[in-house]
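Structure record follows, encoded as structure tokens.
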């Protein structure tokens, strides 16, 4: 669900006209930012790790590599050299050129254009140009949320000659490099490397959010200046319009809704009367979006607000974990067909308060009094409640956590087998920490106010990461990976030190996603995917990373020590004397 009203957009000022919405690139796709290398391991003793395995560049003419996910598909695409005779652009004199080369050159050209603007006393144009350069953050992903409207609006009629030259140069850069990046997707498509295709298409959309073929790959169509997917087009065809307050409602009802009227059981009543009737019943306000079906017992507006957050999270999650959603062949076919890949909606119920939540959920779980929300696999639904002044949790962070469980559970198996799986059987023998680790990591998900970008990751001010640092360096509490990865669901949840286990899951997930330029990122997600597919074993993590548990222990401790600085200590944890 998108935040903009489709049929009535606000007027754009000059800066807005210049700005390309949602163009911060996904670090997870490119893996280009350096990371602070780990220092000493401190007082905890682990045997020294060997030299890291060197990554190999894969030639375009080589045999197809084994399927993997996330960074590795993108790493392969990024490092894939291309023969000069195949190049679409004449912007380099090198005999070979990778996707990473194309992207880095594009960044350099943007910086050169920004400096030229400054030399011509055009500070606004320089600022706009630099806004398109990916922010160099080693521990956080900036995820672009595709803009609804066409991203370049053109110049005002009274633009100066220099402004027109600048705008023309910006368009040329955008079109040249996005076309070149998309050509890589087409070449990967011919080799049926669907995961690499996805990576290249996402790269293309970073450079040019209006690239027609790249947009079509993800199911969008340009209509009256707006990029709409199939679900949105069907809504418009059925006479509905999207509003920021009420979601999708019949276009003829918008003004009455704004005046406080509601259409309830075939007649118009006041907003207040509708609320009384709904609260007195067992129903709620139903909010339907492309990927979620939400029942809100709080209000229609709150349901819509939650749906917008969840759709933004789904967009980011689906770009990061595209392998979970569809097979390599399915993704590859998107180059040649607009057949739908995913059509399922995920259910969420939002209760008015904790009392309602406990009353309803006790029917399904006797331990519900220990929780503030959860995903129930057997019911295929998330249950949460609106917090009040007595509750110490953030609802959106909780929803990101539980939605991660839901999406991995409901999207990681084939349609034919989804309803035949005992979801509680996941990680019954080992590796349960990974299921909780990726969900805890998702709690850091944030959407900016303009809904152009979202962020994921970071450690400063993140409670669970700070707890992991405290446990590791102040309390010297750490469960070695060989033991920790061997914990099953029951063993994990029945231990007395569960808070420690959760904070360690947060720390380890952060490590595997961000250590040394994302060195283990792909291995971790492949491992996670195996866990959700029920194909994991006690040594799956060792097999995925190519390192022993003891070697990973040492790298993790060194990595965390590099993060643990006095200025990063919001809880005033006393430093022990060395």
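Residue numbers (our numbering): 2 to 579.
Just so it is clear, CB atoms sit at the ideal spot from N, CA and C, and this is done for glycine as well.
In this text, all values refer to a predicted model and were calculated from it rather than measured experimentally.
The criterion of a C-beta distance shorter than 8 Å is not satisfied by residue 521 and residue 549.
Here the alpha carbon of residue 126 sits roughly 27 Å from the alpha carbon of residue 183. Nearest to residue 505 by alpha-carbon distance, out of 491, 454, 242, 435, is 435.
By the C-beta criterion, the segment 356 to 368 is judged not to be in contact with the segment 216 to 226, since fewer than 3 inter-stretch pairs fall below 8 Å. In the pairwise beta carbon analysis, the segment 325 to 339 is classified as touching the segment 187 to 194: at least three pairs are separated by under 8 Å. Scanning the segment 192 to 277 for uninterrupted alpha helix (DSSP H) segments of 4 residues or longer gives 195 to 208, 213 to 218, 231 to 238, 255 to 259, listed from N- to C-terminal end. DSSP, reduced to helix, strand and coil, places residue 500 within a helical segment of the structure shown. Beta bridge pairing from DSSP links residue 382 with 348, 377. Excluding its 5 nearest sequence neighbours in each direction, residue 441 has C-beta neighbours in its own chain below 8 Å: 402, 465, 503, 506, 507, 510, listed in chain order.
Within the DSSP bridge table, the entry for residue 138 names no partner. By the Cβ rule, the segment 456 to 476 does not count as touching the segment 523 to 543, because fewer than three pairs are nearer than 8 Å. Using a 10 angstroms sphere on the CB of residue 158, the tally of other CB atoms stays under 16, which defines it as exposed.
When DSSP reads this structure, residue 455 sits in a beta bridge with 144, 448.
Distance check between residue 389 and each of 355, 310, 303 places 355 closest, using alpha-carbon atoms only. For residue 229 and residue 314, the gap between their C-alpha atoms comes out near 18 Å.
Sixteen is the threshold: when 16 or more other Cβ atoms of the shown chains lie within 10 Å of the Cβ of residue 177, as they do, the residue is buried. Boundaries of the beta strand (DSSP E) around residue 288: 286 to 289. Using a C-beta cut-off of 8 Å, the segment 133 to 150 makes contact with the segment 443 to 458, since at least three inter-stretch Cβ pairs fall below that distance. Taking C-beta separations shorter than 6 Å and ignoring five residues to either side along the sequence, the partners of residue 209 in its chain run 175, 179, following chain order.
DSSP places residue 488 outside any beta strand (DSSP E), giving it a letter other than H or E. The alpha carbon of residue 449 has as its nearest neighbour, out of 134, 235, 309, 352, the alpha carbon of 309. Burial check for residue 248: the Cβ neighbour count within 10 Å reaches 16 or more, so the residue is buried.
Here residue 295 is bridged, per DSSP, to 288, 349. Note that the C-beta distance between residue 486 and residue 542 is below 8 Å.
In this structure, residue 304 keeps its C-beta atom at 8 Å or more from the C-beta atom of residue 325.
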